[in-house]
Amino acid sequence: MDSDYLQRVVGECLKKCLAEVAEKRPFDPIEYIAQWLYNYTVNVKYEEEKIEEAKQVEQEKSDFEFERKKRDQMKEEAVRFAEIAAERERQKEEQQKREAQAALASKLAPVEEKEEPPEDSVKTAEVTVESVPPSEAVATETPAGEEGAGIAEVPEEETAVAADEGGTSEEAGEAIEE
37 MDSDYLQRVV GECLKKCLAE VAEKRPFDPI EYIAQWLYNY TVNVKYEEEK IEEAKQVEQE
97 KSDFEFERKK RDQMKEEAVR FAEIAAERER QKEEQQKREA QAALASKLAP VEEKEEPPED
157 SVKTAEVTVE SVPPSEAVAT ETPAGEEGAG IAEVPEEETA VAADEGGTSE EAGEAIEE
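Mapping of the sequence shown onto our numbering: position 165 corresponds to residue 201, and the numbering continues sequentially without gaps.
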């Protein structure tokens, strides 16, 4: 009965004390045991504080890691939001450009393409050079530096006939010069 009490209350303390005495072999073991038992409660509190401090350090480390991960996530979200905002801004600018182009296009007259009439259906009156009086002659100008530079009088009908025969205005001018 008494041994149960001693084992339960001071058993662990005495085991540690006697193990240390056997290890260190002090000059006065009884004095060493007395001092050791006297400081035991202080040492136990110190060990408990160290354990508590180690737990607190671990908790602070895990909190720090959690906060760091949270900051990293927030930075990533900020970057994504900035990219989304930039994309929206770019789309808005493109939409404004399209609207401006549509507004500009609506101001312009629409261009209609029509088929050209066949050459056989266009008949023009052929006029000869002798039938044109000199008063109805048209003055044409040839570019400077070419042969015959200056103004030459060519009847209007002659240029019209040359153009109607499928020639270009240059060909009409050459036909007149001949």
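We treat Cβ as the ideally placed atom computed from N, Cα and C, and that holds for glycine. In this text, all values refer to a predicted model and were calculated from it rather than measured experimentally.
In angstroms, rounded to a whole number, what distance separates the CA positions of residue i and residue j?
| i | j | result |
| --- | --- | --- |
| Val115 | Glu85 | 44 Å |
| Glu135 | Arg126 | 14 Å |
| Ile69 | Ser98 | 41 Å |
| Tyr41 | Asp64 | 28 Å |
| Ala139 | Phe100 | 57 Å |
| Phe102 | Ala118 | 24 Å |
| Lys60 | Met110 | 57 Å |
| Ile87 | Ala122 | 52 Å |
| Gln131 | Ile120 | 16 Å |
| Asp238 | Lys51 | The structure shown does not extend to residue 238, since the chain is modelled only from 37 through 214, so no value can be given for it. |
| Glu112 | Arg104 | 12 Å |
| Glu83 | Val46 | 17 Å |
| Lys106 | Lys128 | 32 Å |
| Ser44 | Gln95 | Reading the sequence as shown, one finds Arg at residue 44 and not Ser. Going by the C-alpha atoms only, they are around 33 Å apart. |
| Val78 | Asp108 | 44 Å |
Pick out whichever of the options has its Cα sitting closest to the Cα of residue i.
| i | options | result |
| --- | --- | --- |
| Val80 | Gln92, Val57, Phe102, Cys53 | Cys53 |
Suppose the cutoff is 7 Å on Cβ atoms and the five residues either side in sequence are ignored; what does the same chain contact list for residue i look like?
| i | result |
| --- | --- |
| Asn76 | The sequence given here has Tyr at residue 76, not Asn. Result list for Tyr76: Cys49, in chain order. |
| Tyr74 | none |
| Ser142 | none |
| Pro62 | Tyr68 |
Would residue i pass as a contact of residue j if the rule is Cβ separation under 8 Å?
| i | j | result |
| --- | --- | --- |
| Trp72 | Glu89 | no |
Suppose the cutoff is 6 Å on Cβ atoms and the five residues either side in sequence are ignored; what does the same chain contact list for residue i look like?
| i | result |
| --- | --- |
| Lys150 | none |
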